[in-house]
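Protein chains: 2
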Amino acid sequence: MVQENTVKNITIADVAEALGVSKTTVSRAISGKGRIGAETREKVLDYIEEHNYTPNVIAKSLAQSKTYNIGVMIPSEYDIIDLPFFQSCLFGIQEIAATMDYDILLTISKPEDTSQLERIVTNRKVDGVILMRTFVDDKQAKMLAKRGIPFATVGGTNVKEAIQVDQDHQSACKELTSILLMKKMKRIALVGGDEKHVVTQKRLKGYLDAFKEAHIPVTEDLIYLGMNNPVLLDQKIEEILKKGADCIISMDDALCGSVLKKLRAEHVKVPQDIKVASFYNSSVLENNVPSITSLSFDEKELGMVACRELMNAIEDKEINRATTLGYQVILRESTLQA
Amino acid sequence: MVQENTVKNITIADVAEALGVSKTTVSRAISGKGRIGAETREKVLDYIEEHNYTPNVIAKSLAQSKTYNIGVMIPSEYDIIDLPFFQSCLFGIQEIAATMDYDILLTISKPEDTSQLERIVTNRKVDGVILMRTFVDDKQAKMLAKRGIPFATVGGTNVKEAIQVDQDHQSACKELTSILLMKKMKRIALVGGDEKHVVTQKRLKGYLDAFKEAHIPVTEDLIYLGMNNPVLLDQKIEEILKKGADCIISMDDALCGSVLKKLRAEHVKVPQDIKVASFYNSSVLENNVPSITSLSFDEKELGMVACRELMNAIEDKEINRATTLGYQVILRESTLQA
DNA sequence: CTGAAAGCGCTTACAG
DNA sequence: CTGAAAGCGCTTACAG
């Protein structure tokens, strides 16, 4: 009310002086730590409420050696742009972080490049980090482990210091494949991206599991990984068609989009001539005709869990070293029997 | 080399003591500010290089009342998920910020909700902010202006304190509309999203401009804004078809995707029965058959410029109050003449 | 060109 | 239950 300008921020010292108590007391009233009389506490709290005092987080940071920031690392690979995955996940992270008064420091870089991550770590700008994607040989995870800073990974990793939060891609892919096998498909092609992604390996394993469980020999010749290149993909799709596949599982919707495009170009009809299934159930394929059978995951939940576990680690609370979230199989026109 | 563990970080005081100089001198050697002998500076720089000293940014922050963070606000509206726009833009921001040793503090919230933004501002966690989307009555921009913190907007705004960086949606939409008019289309429908977005208004203006310039009466009855609801949109598309439109311009690719879906459902062929054009040229429609005529913008560039200008403002350098970036019109099958 | 000292705004043993 | 004082690791007038 009486405050004329916002130039000068009120500090803990101002409050202490105004109330005739020590800074220690004010600090304790605010933080809730340490013994303090209920009456004194009330008095302080009322005062700061009225004069809307807000603590200087930077000063707090310095005194406590904490930043109240968590780093979030997004890989800058081109295909990422296409997937709404990261955005949904980020929403979840932010939602949890905000309730704990933490903020998100965003970093984007290539997975082999640890420099951005090193920067925020050596600059002491974060208390922990979340890696949004894991790799088979994960430089970033290793670096964080070596430096001893708490971190969570979205996706599995063999770096044991990590707090892992993952969707069950293996079971998901296994169930999808099993269903397709039960639908009497014999030659099911699997098309995937970078083999260095842990998630690619998990899906492959699920695919193989399904065959094993059904006692059907795996169609090894129909497994195509590393299909990040559209030209290469087109070429391999032709190969797949020649080999007489009756179904193609794509490991993500962007990939599946490219597959569908190629099939159209080749005048191969879905699902009449060949069945198609995908991962993610994202908006990328939302408008496709026919509708596409897909595996669906809750990405926001994934972000929330990762953030919550990381916060627990930062605050030395109990944590789950590894959490696995569920999935849904959504059957649609693209795998309909003739 | 000799360092056995990373537990204890080396400080400016350690360096000073080891070298027999004052902390002031060390500080000056590092920052480059203030007079200092070339020889002394060398000595200090060599030492910190060798012992890989890294400054504590938090301490620096407190002393300078600077955070070396910029806040980036992403609106949490559902349709955002679909557009790769923000991700590309973020890449650009990060690229510039990193070179200046700044980091990105990410915030996500509803446009009417200023609480998240207030939090990072009152917590003094950022030196400036970038708003990734503007609104006709922009609460967040107004709040930042009132608080006197430097900010840039991606998109236009009437809040004069803002540093505006925008794509020329008005000219883009005008040129697209003009081309369609020249192609002898008479009844061009315009379908757009939220009228409260500044960008929606700009596109509308461009559309109207084109008619005016061509001395053709505007097809007012074919303008449909606020089409964020799929059910509503479907209904309006039927209306548009009944009214005999020969073309539909959609204000973004997600919207256009829904339009195309509805047209397919109604067995209306593109481009034979009706032409279609869109904005953004994003991956969302990449695989559509026919290919879709679209306006294309350089989103990464947009982020880079916004970030650069904001940094200049923060460091009290000269700034451009408003920057407008170009666009491309990409003509494809969806507007081909019969 | 260099340094002693105060200051940024908090927290936290330690003592009472 | 409360406080004086030291400390977090920098920067920056001020003086020499």
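Heads up: the protein sequence lines correspond to chains A and B, in order. The first sequence maps to residues 1 to 338 in the working numbering. The second sequence maps to residues 339 to 676 in the working numbering. We put the beta carbon where it would ideally sit given N, CA and C, even for glycine.
Using a CB distance cut-off of 8 Å, L598 (chain B) counts as an interface residue toward chain A. Remark: C-beta atoms of V614 (chain B) and I630 (chain B) approach each other more closely than 8 Å.
Of the residues assessed, E195 (chain A) falls on the exposed side of the cut-off, its CB having fewer than 16 other CB atoms within 10 angstroms. Rounded to whole angstroms, the gap between the alpha carbons of A141 (chain A) and F135 (chain A) is 9 Å. Taking each of B:K574, B:C594, B:T349 in turn and checking the Cα distance to T122 (chain A), the smallest one comes out for B:T349.
Contact annotation, C247 (chain A) with I274 (chain A): C-beta distance approximately 6 Å; criterion of less than 8 Å satisfied. Straight through space, the alpha carbons of K186 (chain A) and C173 (chain A) are spaced by roughly 16 Å. Listed in chain order, the positions of the stretch 480-496 of chain B with a beta carbon within less than 9 Å of a beta carbon of chain A are K484, R485, G486. When the Cα atoms are used, V126 (chain A) and A490 (chain B) turn out to be separated by approximately 25 Å. Contacts with chain B at 8 Å (Cβ-Cβ) include F91 (chain A). A contact between stretches requires three or more CB pairs, one per stretch, nearer than 8 Å, and the stretch 443-460 of chain B fails this requirement with the stretch 658-670 of chain B.
One finds I58 in chain A with Cβ atoms closer than 7 Å to the Cβ of S399 (chain B), taken in chain order.
The distance from the Cβ of I163 (chain A) to that of I319 (chain A) is about 6 Å, consistent with a contact at the 8 Å cut-off. Minimum Cα-Cα distance from H535 (chain B) among the listed residues B:K550, B:D441, B:H507 corresponds to B:H507. Against chain B, the CB of T54 (chain A) has a partner CB under 8 Å away; the residue lies at that interface.
Cβ neighbours of A351 (chain B) within its own chain (closer than 7 Å, five residues either side excluded): K361. With a cutoff of 8 Å on beta-carbon distance, G530 (chain B) and M470 (chain B) are scored as not near each other. Distances from the alpha-carbon of A265 (chain A) to those of B:P628, B:I434, B:P568 put B:P628 closest. When 8 Å is used as the limit between beta carbons, V622 (chain B) is near these residues of chain A: S283, V284, in chain order. Not flagged as an interface residue toward chain A: T662 (chain B), since no C-beta distance is shorter than 8 Å. Per the coordinates, the alpha-carbon of V667 (chain B) lies some 11 Å from the alpha-carbon of S516 (chain B). For the pair V497 (chain B) and E647 (chain B), the CB atoms are not nearer than the 8 Å cut-off. In the three-state reduction of the DSSP assignment, K242 (chain A) falls in the helix class, which pools H, G and I. No Cβ-Cβ contact shorter than 8 Å links L105 (chain A) with I93 (chain A). CA-to-CA, the gap between I74 (chain A) and T107 (chain A) works out to about 6 Å. Annotation: Cβ neighbours of K125 (chain A) in chain B (cutoff 7 Å, chain order): V395, D441. Under the Cβ distance rule, T67 (chain A) counts among the residues neighbouring chain B, one pair being separated by less than 8 Å. Nearest CB-CB separation between R264 (chain A) and chain B: below the 8 Å threshold.
At least one beta carbon of chain B lies nearer than 8 Å to the beta carbon of Q116 (chain A). Its chain contains H507, Q508 as the residues whose beta carbon lies nearer than 6 Å to that of K540 (chain B), once the 5 sequence neighbours on both sides are disregarded; these appear in chain order.
For a Cβ distance threshold of 7 Å, nothing in chain B lies close to A306 (chain A): the least Cβ distance comes to about 15 Å. By the CB criterion at 8 Å, S294 (chain A) and Y280 (chain A) fall inside the cutoff. Taking 8 Å as the CB threshold, N312 (chain A) stays off the interface with chain B. The secondary-structure analysis by DSSP pairs T323 (chain A) across a beta bridge with A:V165.
At a cut-off of 8 Å between beta-carbon atoms, A210 (chain A) makes no contact with chain B. Look at V627 (chain B): its C-beta is under 8 Å from a C-beta on chain A.
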